[in-house]
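Enquirer: Okay, here's the structure, questions in a sec.
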């Protein structure tokens, strides 16, 4: 069974509208690029903040995540909470990139059509500068 770490209060469904979000999370934690990409449309749009397009297309996603999976052996995403409304899945995540670094908090907003994620927006909390 794939590794899917969640808080004790929320167990994600592997069927229904949220299935692609669950699939990509499992594949992310297993660093399985082919399964990860199955959750997305070929023309997926990825936003860094609402309205700010970071990149588009499955080929660019493959390049970016293949590198990330290869370069970060400790990479792991913990699902803290999930909200599902219509075709939108919103995940509160804690991402570990290295054991000696703190986890990064993030919100991922997935828009799903025909069992695939066609748009994702990542929202990060403001970081205080010193």
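Residue numbers (this note's numbering): 55 to 184. Glycine included, C-beta positions come from ideal geometry on N, C-alpha and C.
1. Could you give the C-beta distance for residue 175 and residue 163, rounded to a whole number, given that I count them as a contact under 8 Å?
2. With a CB to CB cut of under 7 Å and the five nearest residues on each side skipped, what residues in its chain are close to residue 120?
3. DSSP three-state call for residue 55: helix, strand or coil?
4. For the stretch 131-138 against the stretch 106-120, do three or more pairs of beta-carbon atoms, one drawn from each stretch, fall closer than 8 Å, so that the two count as touching?
5. Considering only residues of the same chain and omitting the five flanking positions on each side of residue 173, which have a CB-CB separation below 6 Å?
Expert: Reading off the structure:
1. Translated into the one-based positions of the chain shown, residue 175 becomes position 121. Translated into the one-based positions of the chain shown, residue 163 becomes position 109. Yes, they are in contact, since the Cβ atoms of residue 175 and residue 163 sit about 4 Å apart, within 8 Å.
2. Reading the chain shown from its first residue, position 66 is the one you call residue 120. The answer, listed in chain order, is 87.
3. By 1-based counting over the chain shown, the position of residue 55 is 1. Residue confidence for residue 55 is low, a pLDDT of 42 falling below 50, so the modelled location carries little weight and cannot support an answer.
4. no
5. Here residue 173 is taken as the residue at index 119 of the chain shown, counted from 1. Correct list, in chain order: 99, 165.
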